[in-house]
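Undergrad: First the structure, which I've put down as structure tokens, then a few questions once you've had a look.
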Amino acid sequence: MINVLFAARAERWNTYAPELTRAFAAAGLKVDLQQEFAPDVVDYIIYAPNSDLQDFTPYRRCKAVLNLWAGVEAIVTNPTLTQPLTRMVDHGLTQGMVEWVTGHVLRYHIGIDHNLEHQKGKWQRKLPPLSRDRPVTILGIGALGSACATTLASLGFPVTGWSRSPKEINGITCLSGDAGLKQALETAQIVVTLLPLTSGTENLLNAERLSWLPHAACLINPGRGPLIDDDALLAALDSGQIARATLDVFRVEPLPADHPYWWHPRVTVTPHIAADTRPATAAEVIADNVSRSERGVPLRYLVDRSVGY
Ligand code: NDP
Ligand code: OXD
Numbered sequence: 018m019i020n021v022l023f024a025a026r027a028e029r030w031n032t033y034a035p036e037l038t039r040a041f042a043a044a045g046l047k048v049d050l051q052q053e054f055a056p057d058v059v060d061y062i063i064y065a066p067n068s069d070l071q072d073f074t075p076y077r078r079c080k081a082v083l084n085l086w087a088g089v090e091a092i093v094t095n096p097t098l099t100q101p102l103t104r105m106v107d108h109g110l111t112q113g114m115v116e117w118v119t120g121h122v123l124r125y126h127i128g129i130d131h132n133l134e135h136q137k138g139k140w141q142r143k144l145p146p147l148s149r150d151r152p153v154t155i156l157g158i159g160a161l162g163s164a165c166a167t168t169l170a171s172l173g174f175p176v177t178g179w180s181r182s183p184k185e186i187n188g189i190t191c192l193s194g195d196a197g198l199k200q201a202l203e204t205a206q207i208v209v210t211l212l213p214l215t216s217g218t219e220n221l222l223n224a225e226r227l228s229w230l231p232h233a234a235c236l237i238n239p240g241r242g243p244l245i246d247d248d249a250l251l252a253a254l255d256s257g258q259i260a261r262a263t264l265d266v267f268r269v270e271p272l273p274a275d276h277p278y279w280w281h282p283r284v285t286v287t288p289h290i291a292a293d294t295r296p297a298t299a300a301e302v303i304a305d306n307v308s309r310s311e312r313g314v315p316l317r318y319l320v321d322r323s324v325g326y
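See below:
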């Protein structure tokens, strides 16, 4: 019997337990899935960064910690975590992000906000360019960013993607490193940030880098709040350098009620809903990784702690 501790928040248990039970059975695994175990009998921990479990020291037998979230910044630096850590790559989560990003890109591209704001009895026609004349840049072209990039490219947008290591993706201009960032931003009428939060990405979009964008660019951030210097973004919005921003993630969540983002006329705040892990598909990913580990096959989506994601 394999003992699997469900250490995500208790309110997620009823949603996840049936899906995980089904997925473990389908993978041919004999699993005892519980919300509580004596730590020294636990083989795997299913985890979420907002879990109460913060001290991994007593879980000496645990072979892997399987994160239900894509982002691992809240666990990757935990000094008590010595077990292998995996992040979530789930096609339900990816599909949700593709839909959310595509929706907001199209909203800015076809000027929906302009129409909503100018319905004052005046017949004011403002025609958007075709997608082929609207360059979009995606910072971070991993599991989520690359899926968004290829969908946007299939709609005709010239898409540039930026990553840490060089990449090749069919139909996407792929850039990397510091020089690549400048080039990626200089052309971007719409920029989407889908980077993990690490010491290398914090405050990436500061005043200087926001100034590299063409005037009146739009920004969409479903990555993590601290990727952006908030004061620099507010200044860039006020100067018109950034025309509009949609922000899904923040340094403090929930975003405090008095934060200027809530009240800025050209900022849209969404409450960290760009994409969520979907229990049915995520359970299959978890079961597959437990099965791999039991068979001695390398885990999928292993976090590289030296780079923090
Ligand atoms: P991946 O790890 O698959 O991709 C990360 C990408 O960022 C990779 O292309 C990586 O480069 C690049 N990257 C990392 N560090 C740097 C750097 N210093 N410079 C340049 N590029 C860098 O992550 P996912 O696509 O799965 O997820 C991305 C993030 O999206 C998550 O970490 C999370 O913060 C956020 N997220 C938000 C959600 C929401 O609802 N708002 C939901 C889910 C995730 P390389 O390819 O070279 O490794
Ligand atoms: C995630 C998130 O990282 O929901 O999965 O932000």
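If you read the sequence shown in the working numbering, its first letter stands for residue 18, the second for the next number, and so on.
Ideal Cβ positions, reconstructed from N, Cα and C, are used throughout, including at glycine.
These figures come from a predicted structure and were not determined experimentally.
For residue 207, which of 19, 154, 80, 139 has the nearest alpha-carbon?
TA: Position 190 of the sequence shown, counted from the first residue, corresponds to residue 207. The candidate whose alpha carbon is nearest that of residue 207 is 154.
Undergrad: Assuming residue 24 contacts residue 64 under a Cβ cut-off of 8 Å, what Cβ separation, rounded to an integer in Å, is found between them?
TA: Start at 1 with the first residue of the sequence shown, and residue 24 comes out as number 7. Start at 1 with the first residue of the sequence shown, and residue 64 comes out as number 47. So it is a contact: roughly 5 Å between Cβ atoms.
Undergrad: Using the Cβ count rule (16 or more neighbours within 10 Å means buried), how would you classify residue 212?
TA: Taking the first residue of the sequence shown as position 1, residue 212 is located at position 195. By the neighbour-count rule (16 or more Cβ atoms within 10 Å), residue 212 is buried.
Undergrad: Return the residue from the list 306, 72, 253 that minimises the CA-CA distance to residue 314.
TA: One-based indexing of the sequence shown puts residue 314 at position 297. Residue 306 is the option with its Cα nearest to residue 314.
Undergrad: CB-CB under 7 Å to residue 26, same chain, minus the five flanking residues each way: which ones, in chain order?
TA: As a position in the sequence shown, residue 26 is number 9, starting the count at 1. Cβ within range, chain order: 65, 67, 68.
Undergrad: Checking the sheet assignment: what are the DSSP bridge partners for residue 180?
TA: Residue mapping note: residue 180 aligns to position 163 of the sequence shown, counting from 1. Note: residue 180 sits in a beta bridge opposite 193.
Undergrad: Which same chain residues end up closer than 6 Å to residue 180 when comparing Cβ atoms and leaving out the 5 residues on each side of it in sequence?
TA: Numbered from 1 along the sequence shown, position 163 holds the residue referred to as residue 180. So the list reads 158, 193, once near-sequence residues are dropped.
Undergrad: So for residue 33, helix, strand or coil by DSSP?
TA: Sequence index remark: in the sequence shown, residue 33 carries index 16 (1-based). It is helical.
Undergrad: Does at least one heavy atom of the ligand OXD sit under 7 Å from the Cβ of residue 105?
TA: Within the sequence shown, numbered from 1, the residue matching residue 105 stands at position 88. For the ligand OXD, at least one heavy atom lies less than 7 Å from the Cβ of residue 105.
Undergrad: Would you kindly work out how many angstroms separate the C-alpha atoms of residue 79 and residue 72, rounded to a whole number?
TA: For the purposes of this step, residue 79 is taken as residue 62 along the sequence shown, with counting starting at 1. For the purposes of this step, residue 72 is taken as residue 55 along the sequence shown, with counting starting at 1. Distance between the alpha carbons of residue 79 and residue 72 is about 13 Å.
Undergrad: Label residue 107 either buried or exposed according to how many other C-beta atoms from any shown protein chain fall within 10 Å of its C-beta, with 16 as the threshold for buried.
TA: For this step, residue 107 is matched to residue 90 along the sequence shown. Result: buried.
Undergrad: Give every residue of the same chain whose Cβ lies closer than 6 Å to the Cβ of residue 239, excluding the five residues on either side of it in the sequence, and list them in chain order.
TA: Position 222 of the sequence shown holds residue 239. Excluding positions up to five away in sequence, the list reads 265, 291.
Undergrad: Quick check: residue 304 and residue 91, are their CB atoms within less than 8 Å of each other?
TA: Residue 304 sits at position 287 when you count from the first residue of the sequence shown. Residue 91 sits at position 74 when you count from the first residue of the sequence shown. Not in contact: residue 304 and residue 91 (Cβ atoms no closer than 8 Å).
Undergrad: How many whole angstroms separate the CB atoms of residue 84 and residue 105, which I take to be in contact at a CB cut-off of 8 Å?
TA: On the sequence shown, position 67 is the one that residue 84 refers to. On the sequence shown, position 88 is the one that residue 105 refers to. With a Cβ gap of about 6 Å, residue 84 and residue 105 count as contacting.
Undergrad: Taking 7 Å as the limit, tell me which residues put their C-beta closer than that to any heavy atom of the ligand OXD, in chain order.
TA: Here the residues come out as 86, 87, 88, 105, 110, 266, 289, 292, 293, 294.
Undergrad: Sorry if obvious, but does the Cβ on residue 179 come closer than 7 Å to a heavy atom of the ligand NDP?
TA: The residue labelled residue 179 in the question sits at position 162 within the sequence shown. Result yes, Cβ under 7 Å from the ligand NDP.
Undergrad: Determine the closest residue to residue 124 out of 283, 188, 247, with distance taken between C-alpha atoms.
TA: For the purposes of this step, residue 124 is identified with residue 107 of the sequence shown, where counting begins at 1. The residue with the shortest Cα to Cα distance from residue 124 is 283.
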